[in-house]
Amino acid sequence: MSLKDLIAGWAQPGRITWIGVRPGRREGMEALSEVWIGDDGLQGDRSRAGKRAVTLVQREHLAAIGSFLGREAVLPEVLRRNLVVEGINLSALKARRVQIGGAVLEFTTICAPCPRMEEAFGPGGYSAVRGHGGWCAQVLQPGQVMLGDAVQPVD
0 MSLKDLIAGW AQPGRITWIG VRPGRREGME ALSEVWIGDD GLQGDRSRAG
50 KRAVTLVQRE HLAAIGSFLG REAVLPEVLR RNLVVEGINL SALKARRVQI
100 GGAVLEFTTI CAPCPRMEEA FGPGGYSAVR GHGGWCAQVL QPGQVMLGDA
150 VQPVD
């Protein structure tokens, strides 16, 4: 089996476990059970079109961030990502077409922590999120996304 084949493989689909939008700058996150993802991101979110229209993080990384802070898993609304996914390695999906519910996204770049992580988590918050903050994605095909929807590559 070639390296290209190994990189293209995945064990199982992931699934959406949390959906959230940021209605305005510095406003709290609003948790949803479903949302329309348009070309410019999640409906009701203050996202921007392009390579950072949607932000995603792995549920498994919420526990890692909490561990680095000496506490339980952090809550997704504090991390301020739009979608929380479990069961599939998001890093392995970089630059691939990914079906999430009725939408198709392409993961473009890591979602680096912002200075607000110090405010949210206290000293060391920024460093705790580094490497675990998730991914930014652009929208290739708009669609409806609901809790429990599968997350899997389509290319």
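The sequence shown begins at 0 in numbering that gives the first Met the number 0 and counts up by one. From the three backbone atoms N, C-alpha and C, an ideal C-beta is built for every residue, glycine too. Predicted, not measured: the structure shown is a model, and the values here were computed from it.
Return the CA-CA distance between G86 and T16, expressed in angstroms with no decimal places.
10 Å
Over what stretch of residues does the alpha helix (DSSP H) that includes R58 continue unbroken? R58 -> alpha helix (DSSP H) spans R58 to F67.
Cα-Cα separation, G121 to A94: 33 Å
Beta carbon of V155, beta carbon of I36: below 9 Å? Residue 155 is absent from the structure shown; the chain starts at 0 and stops at 154.
*asked:* With the cut-off set at 9 Å, would you say L78 and A119 are in Cβ contact?
replied: yes
_Meets three-Cβ-pair contact criterion under 8 Å: the region 41-48 and the region 103-112_ = Judged by Cβ distances under 8 Å, the region 41-48 makes no contact with the region 103-112, as fewer than three pairs qualify.
Are the beta-carbon atoms of V56 and G133 separated by less than 9 Å? yes
Cβ-based neighbour list, E33, same chain, cut-off 6 Å, excluding 5 preceding and 5 following
Only residues of its own chain outside the window of five on either side were considered, and among them M145 have a CB closer than 6 Å to the CB of E33, listed in chain order.
So A102 packs on G142, CB below 8 Å; how close in whole Å? Contact flag correct, Cβ pair sits at about 4 Å.
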